[in-house]
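Q: Numbering (full-length UniProt numbering), first residue to last: 1 to 222.
We put the CB at the ideal spot given by N, CA and C, even for glycine.
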Ligand SMILES: Cc1ncc(CN)c(N)n1
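Shown next as structure tokens:
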């Protein structure tokens with residue numbers, strides 16, 4: 001039987017929901033998230049994205065075809081050109097420059113998640129790596145759509161986090177997530193039940209680490 005990306009989600013449905021509809025996300029959608037939580041999250045996310053760029057470089061290294069190389073390049077480009085731009089703009093408004101950001105210590109949640117993904121990718125093949133990366137890219141695209149579908153989400157200038165939602169609902173980000181999901185659908189169609197079970201473990205672990213990342217923002221933990 002051929003598997004699909006949605007089978008990975010179905011295999012850890014409760015954790016996926018806890019990630020997509022985490023209290024941090026819902027409070028951000030209502031515009032009610034504490035400023036300190038958003039700042040802590042965003043600064044750590046800057047450090048997170050630097051490590052995830054390295055993971056896409058690893059994906060390029062593990063590629064076997066021009067298409068796979070382009071996929072890795074596109075993933076890294078989305079991080080460097082789309083996401084990090086917004087993070088730097090927020091930090092600039094708070095009076096925090098790139099030099100200060102690069103000196104920040106990584107919180108334990110940042111270390112755990114990013115190093116887990118790099119390890120899963122180093123140990124395994126390109127599919128293991130992409131499965132570890134999927135909650136990040138596909139998950140945030142899902143979060144933006146979920147927020148927009150909720151009646152308690154506040155959009156526009158009255159929500160201080162509106163530009164954050166706007167970035168993840170943007171055509172560029174949604175297209176990158178669709179491309180990632182389509183690649184995973186193609187690959188998963190060919191794997192055995194045993195391989196799928198191992199991949200499901202990686203996907204569920206990365207999803208749990210996403211939950212911890214939101215919680216780190218809420219708790220201001222380091
Ligand atoms: C922790 C985390 N996960 C996912 C994303 C979306 N690339 C992000 N910016 N940060």
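Pull every residue with its beta-carbon under 6 Å away from any heavy atom of ligand 1, and keep them in chain order.
A: Having a Cβ closer than 6 Å to some heavy atom of ligand 1 are 45, 48, 49, 83, 136, 137, 140, 210 and 213.
Q: Would you kindly work out how many angstroms separate the C-alpha atoms of residue 76 and residue 53, rounded to a whole number?
A: Counting from 1 along the chain shown, the entry for residue 76 is found at position 76. Counting from 1 along the chain shown, the entry for residue 53 is found at position 53. Roughly 5 Å between the two C-alpha positions.
Q: Mind checking which residues open and close the alpha helix (DSSP H) that includes residue 16?
A: Counting from 1 along the chain shown, the entry for residue 16 is found at position 16. Here the alpha helix (DSSP H) through residue 16 covers 13-20.
Q: Kindly list the residues whose CB is nearer than 6 Å to the CB of residue 84, restricted to its own chain and excluding five residues on each side of it in sequence; keep chain order.
A: Along the chain shown, one-based indexing puts residue 84 at 84. Correct list, in chain order: 49.
Q: Along the chain, which unbroken stretches of the alpha helix (DSSP H) at least 4 residues long are found entirely within the region 74-115?
A: Counting whole runs of 4 or more residues, the region 74-115 contains the alpha helix (DSSP H) stretches 84-93 and 98-103.
Q: Please state whether the Cβ-Cβ distance between residue 30 and residue 222 is less than 9 Å.
A: Position 30 of the chain shown, counted from the first residue, corresponds to residue 30. Position 222 of the chain shown, counted from the first residue, corresponds to residue 222. Taking 9 Å as the Cβ cut-off, residue 30 and residue 222 do not qualify as a contacting pair.
Q: In whole angstroms, give me the CA-to-CA distance for residue 10 and residue 36.
A: Residue numbering aside, residue 10 sits at position 10 when the chain shown is read from its first letter. Residue numbering aside, residue 36 sits at position 36 when the chain shown is read from its first letter. If you take the alpha carbons of residue 10 and residue 36, they lie about 34 Å apart.
Q: What ranges does the alpha helix (DSSP H) occupy inside the region 162-222, keeping only unbroken runs of at least 4 residues that lie completely in it?
A: Within the region 162-222, the complete alpha helix (DSSP H) runs of at least 4 residues are 162-169, 171-188 and 193-219.
Q: Using a 10 Å radius around the Cβ and a threshold of 16 neighbouring Cβ atoms, would you call residue 71 buried or exposed?
A: Residue 71 sits at position 71 when you count from the first residue of the chain shown. So residue 71 counts as buried.
Q: Is there contact here, the region 7-21 with the region 204-215, by at least three beta-carbon pairs under 8 Å?
A: In short, these stretches touch, since the Cβ pair count reaches three.
Q: So, under 8 Å CB-CB, residue 227 and residue 149 are touching, yes? Tell me the CB distance rounded to an integer number of Å.
A: There is no way to answer for residue 227, as the model of the chain reaches only from 1 to 222.
Q: Drop a sphere of 10 angstroms on the beta-carbon of residue 157, count the other beta-carbons inside from all chains shown, and report buried for 16 or more, exposed for fewer.
A: Position 157 of the chain shown, counted from the start, is the residue given in the question as residue 157. Answer is exposed; the Cβ neighbour count stays below 16.
Q: What three-state label does DSSP hand residue 64 in the structure shown?
A: Mapped onto the chain shown, residue 64 falls at position 64. Reduced to three states, the DSSP call for residue 64 is coil.
Q: Which word fits residue 87, buried or exposed, when buried means at least 16 other C-beta atoms lie within 10 angstroms of its C-beta?
A: Residue numbering aside, residue 87 sits at position 87 when the chain shown is read from its first letter. Its Cβ being crowded by 16 or more others within 10 Å, residue 87 is buried.
Q: Might you give, ordered along the chain, the residues of its own chain that have their beta carbon closer than 6 Å to the beta carbon of residue 110, omitting 5 neighbours on each side?
A: What you label residue 110 is simply residue 110 of the chain shown in a count that begins at 1. Result list for residue 110: 44, 47 and 48, in chain order.
Q: So, using beta-carbon positions, are residue 127 and residue 58 closer together than 9 Å?
A: Numbered from its first residue, the chain shown carries residue 127 at position 127. Numbered from its first residue, the chain shown carries residue 58 at position 58. No. Outside cutoff.
Q: Measuring CB atoms only, is the region 103-118 touching the region 178-192, in the sense that at least three cross pairs come out at less than 8 Å?
A: Flag = no, the region 103-118 and the region 178-192 do not touch.
Q: Can you say whether residue 180 is buried or exposed, counting buried as having 16 or more other CB atoms within 10 angstroms of its CB?
A: As a position in the chain shown, residue 180 is number 180, starting the count at 1. So residue 180 counts as buried.
Q: Would you report the Cα separation of residue 60 and residue 160, rounded to the nearest angstrom?
A: On the chain shown, residue 60 is found 60 positions in, with the first residue counted as 1. On the chain shown, residue 160 is found 160 positions in, with the first residue counted as 1. Their backbone Cα atoms lie some 36 Å apart in a straight line.
Q: With C-beta atoms as the reference, is residue 204 less than 9 Å away from residue 15?
A: Mapped onto the chain shown, residue 204 falls at position 204. Mapped onto the chain shown, residue 15 falls at position 15. Taking 9 Å as the Cβ cut-off, residue 204 and residue 15 qualify as a contacting pair.
Q: Whole angstroms are fine: how far does the CA of residue 122 sit from the CA of residue 130?
A: Position 130 of the chain shown holds residue 130. Position 122 of the chain shown holds residue 122. Answer to the nearest angstrom: the Cα atoms are 12 Å apart.
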